[in-house]
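In our numbering, the protein residues as written are 95 to 307. Cβ atoms here follow ideal geometry from the backbone N, Cα and C, with glycine treated the same way. Note sheet for the following structure.
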Amino acid sequence: MGRRRLDNLDPERQKALFGAAAEELAANGFDGASLNRILERSGMSKSSLYYYFEDKADLFTTMMERTVGILFRQIGPFDPEALTAETFWDDLERRYGEAVSIVSGNPWFVRFGGIFYGLRDDPKRGASTGRLFAAVRRWISTILARGRNLGVVRSDLPEPLLVDTAMALFESLDRWVVEHWQQMSEEERRALPALHMSLFRDLLARKQRPVAP
């Protein structure tokens, strides 16, 4: 219900609310962020806030969903059906590289990523973060299905198991990057796409059968 209600909120009011929330969360983290300060900056009443969101965690997760949406729009349109057997892995690595470049110029992506995983690890407040991972799972499922159809993704495992393993690797790598981003050099950051995609290829790529002598 909350998502449908939010769609009816005036775009300028949405912009003011998420802008205020981003500033507050970036400055004070999740636990230190004050809903009262967010409301004061955005001009929204508390009753209106709770009409659109269940709590602070719901507000933050919704903001993260929109933040990821901004990142994907900056990377550019992506049509899995346009992938070919020849371009599949290289195109995914290229897009990963574009994401790293964008994040390098916008450190708040990493800051919010740290807040997100801290919230996700909280069993009492982290339930809303599952929405974002459900969206990631759908995206990965679509890509792997395309890869299977092209013959570049392995087909010897049940598809749900393959998606589960890809999700586990994705979250492990994402958490590691968020935790270590500030300590990495620019060279190390630029190396991430090739290194990480090699792990995905080792896990997911269809193995070529040896040619008989």
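Pick helix, strand or coil for residue i, following the three-state DSSP scheme.
i       : result
Val-194 : helix
Ala-127 : coil
Ala-179 : coil
Val-230 : helix
Met-157 : helix
Leu-103 : coil
Glu-148 : coil
Asn-200 : coil
Phe-172 : coil
Arg-219 : coil
Gly-241 : helix
Gly-207 : helix
Give the DSSP bridge partners of residue i, in chain order.
i       : result
Val-257 : DSSP lists no partner for Val-257.
Ala-299 : Val-247
Using 8 Å for Cβ pairs, my map puts residue i next to residue j. What's the rounded Cβ distance?
i       : j       : result
Thr-156 : Phe-147 : 7 Å
Ala-127 : Glu-134 : At roughly 13 Å, the Cβ-Cβ gap does not stay under 8 Å, so Ala-127 and Glu-134 are not in contact.
Ser-266 : Ala-151 : Wrong, their Cβ atoms sit about 23 Å apart, outside the cutoff.
Arg-248 : Ala-299 : 7 Å
Phe-203 : Ile-234 : Wrong, their Cβ atoms sit about 20 Å apart, outside the cutoff.
Thr-259 : Leu-297 : 6 Å
Tyr-145 : Arg-99  : 6 Å
Leu-177 : Leu-244 : 7 Å
Return the chain-ordered list of same chain residues with a C-beta closer than 8 Å to the C-beta of residue i, the five sequence neighbours on each side being excluded.
i       : result
Ser-141 : none
Val-246 : Ala-179, Phe-182, Trp-183, Ala-299 and Arg-300
Leu-256 : Leu-238, Val-247, Arg-248 and Leu-298
Ala-115 : Ala-127, Ile-132, Ser-136, Leu-153, Phe-154 and Met-157
Gln-108 : Leu-100
Ser-139 : Leu-133
Within its chain, find whatever has a CB closer than 7 Å to the CB of residue i; leave out the 5 residues flanking it on each side and keep chain order.
i       : result
Tyr-211 : Arg-269 and Val-272
Pro-174 : Thr-236, Ile-237 and Arg-240
Gly-123 : Ile-209
What residues in its chain sit with their C-beta under 6 Å from that of residue i, if we drop five residues either side in the sequence?
i       : result
Arg-205 : Ala-120
Ser-251 : Contrary to the premise, residue 251 reads as Leu rather than Ser in this sequence. Result list for Leu-251: empty, nothing under 6 Å.
The region 256-274 / the region 156-171 touching (three or more Cβ pairs under 8 Å): The region 256-274 vs the region 156-171: no contact.
Segment contact, 8 Å Cβ cut-off, at least three pairs: the region 236-245 with the region 211-218: Between the region 236-245 and the region 211-218 there are fewer than three C-beta pairs closer than 8 Å, too few to call the two in contact.
Three CB pairs or more closer than 8 Å across the region 193-201 and the region 222-235: No contact exists between the region 193-201 and the region 222-235.
Stretch pair the region 284-300 + the region 176-193: three plus CB contacts closer than 8 Å: Under the three-pair Cβ rule at 8 Å, the region 284-300 counts as touching the region 176-193.
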